[in-house]
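Read in order, the letters of the sequence shown are residues 17 to 243 in our numbering. A virtual CB, placed ideally from N, CA and C, is assigned to each residue, including glycine. Single-structure report; data block below.
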Amino acid sequence: RFWDCSGSLFPERVSTPQPFKVMDLTYERAFGGIDKEGGDYCRENLVGRGFIAKTSKKVPDRTLLPNLEDPFHLIKSYKDHPQPVGFGFYGRAWMPRAAYLGTYDDKWRQTRSPAPPEDFRFDFYNAAPPDLQVAGYLKGNEEVELVNLTPEGTLRFQLPGILLTCTVTRLFEQPENDDRTSGVEEVTLHLDTLCLLPDEKRFYQVWRGCLAISDLTALEVKKITIR
Numbered sequence: 017r018f019w020d021c022s023g024s025l026f027p028e029r030v031s032t033p034q035p036f037k038v039m040d041l042t043y044e045r046a047f048g049g050i051d052k053e054g055g056d057y058c059r060e061n062l063v064g065r066g067f068i069a070k071t072s073k074k075v076p077d078r079t080l081l082p083n084l085e086d087p088f089h090l091i092k093s094y095k096d097h098p099q100p101v102g103f104g105f106y107g108r109a110w111m112p113r114a115a116y117l118g119t120y121d122d123k124w125r126q127t128r129s130p131a132p133p134e135d136f137r138f139d140f141y142n143a144a145p146p147d148l149q150v151a152g153y154l155k156g157n158e159e160v161e162l163v164n165l166t167p168e169g170t171l172r173f174q175l176p177g178i179l180l181t182c183t184v185t186r187l188f189e190q191p192e193n194d195d196r197t198s199g200v201e202e203v204t205l206h207l208d209t210l211c212l213l214p215d216e217k218r219f220y221q222v223w224r225g226c227l228a229i230s231d232l233t234a235l236e237v238k239k240i241t242i243r
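In structure tokens form, the structure reads like this:
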């Protein structure tokens, strides 16, 4: 679809959608993009389509419109700025994810660099689209239903409920004789990512755990065991 500005009664209208059989559900087909003539870009999606800068003087005629939209916030004017909706990993330079990086100013350079600033938020590492984020962590046994994402129309299945344990064997140095002894500790793992690949009838899950180390230049971890 595109903006049609050829009529004399209305400044712009949405063209009739072109029929299609298969379409990639990517952010390139969601609202967003860069308006080079207007000198601005969509901060929520740099690779999309349909964005026109407020200061732009160009006629929006034939400007491509997004194929993916929120049904409750459909684009009605070239001046609209709806929240982009899509699937896949969210760009690090896109808002609101980029805002979680914090403030990098002279104070940060003098007092904290190279550590993250005080207002850094770990939300920055969540690459899921804002609409597909969930509070807390997944349990791993949830029911999954995909509607209109496969040729079958609807695909349902349940996550396998796998439980993982992780143990880390550390190396400890004894100053008096320079011998090294090992200690074993358990690291809690959280299921924080579910990636769906409906075209391939596959999915994968990512567990994540944190372990503190004291020296980035020394070898502190001898072995990691996952069961």
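Spatial neighbours of Lys238 in its chain, beta-carbon cut-off 8 angstroms, leaving aside the 5 residues before and after: Thr185, Arg186, Leu187 and Ser198
Kindly indicate which three-state DSSP category Glu158 falls into: helix, strand or coil? coil
Excluding the five sequence neighbours on either side, which residues of its own chain have a C-beta within less than 6 angstroms of the C-beta of Tyr220, listed in chain order? So the list reads Cys211, once near-sequence residues are dropped.
For Pro35 and Tyr55, the rounded distance between their alpha carbons: Reading off the sequence, residue 55 comes out as Gly, not Tyr. Approximately 33 angstroms between the Cα atoms of the pair.
Does the beta-carbon of Asp194 have 16 or more other beta-carbons within 10 angstroms, so that it is buried, or is it exposed? Because the pLDDT at Asp194 is just 49, under 50, the model does not fix this residue reliably, and the point stays unresolved.
Residue ranges of each alpha helix (DSSP H) within the segment 82-145, 4 or longer: 122-127
Measuring straight from C-alpha to C-alpha, what distance separates Ala248 and Arg113? This structure leaves residue 248 out entirely; the chain is present only between 17 and 243.
With respect to the beta strand (DSSP E) encompassing Val222, which residues constitute its N-terminal and C-terminal limits? Arg218 to Arg224
Taking DSSP as the reference, what is the three-state secondary structure of Arg172? strand
Please determine if the segment 39-49 and the segment 57-72 are in contact, where contact requires at least 3 C-beta pairs separated by less than 8 angstroms. yes
Do Phe252 and Leu162 have their C-beta atoms closer together than 8 angstroms? Because the chain spans 17 through 243 in this model, residue 252 falls outside it and cannot be assessed.
Identity of the residue in Gly118, Leu175, Thr183 and Lys217 nearest Leu165 by Cα: Minimum Cα distance to Leu165 is reached at Lys217.
How about Glu202 and Cys182: do their beta carbons lie closer than 8 angstroms? Result yes, Cβ atoms of Glu202 and Cys182 sit closer than 8 angstroms.
Here's a check: name, in chain order, each residue in its chain whose Cβ is nearer than 8 angstroms to the Cβ of Gly156, leaving out the five neighbours to either side. Leu175, Pro176, Gly177, Ile178, Leu179, Leu207 and Gln221
Between Pro87, Ser93 and Ala109, which has its C-alpha nearest Leu101's C-alpha? In the sequence under discussion, the amino acid at residue 101 is Val, which differs from the Leu named in the question. The candidate whose alpha carbon is nearest that of Val101 is Pro87.
Let me make sure I understand the geometry here. Which of Thr241, Arg128 and Leu84 has the alpha-carbon closest to that of Pro98? Leu84
CA-to-CA distance, Phe173 to Val38, given in whole angstroms: 23 angstroms
Suppose you measure from the CA of Trp223 to the CA of Thr204; what does that come to, to the nearest Å? Between Trp223 and Thr204, the C-alpha separation is close to 10 angstroms.
Where does Glu202 sit, in a helix, a strand or coil, going by DSSP? strand
Within this structure, are the beta carbons of Pro82 and Tyr94 separated by less than 8 angstroms? no
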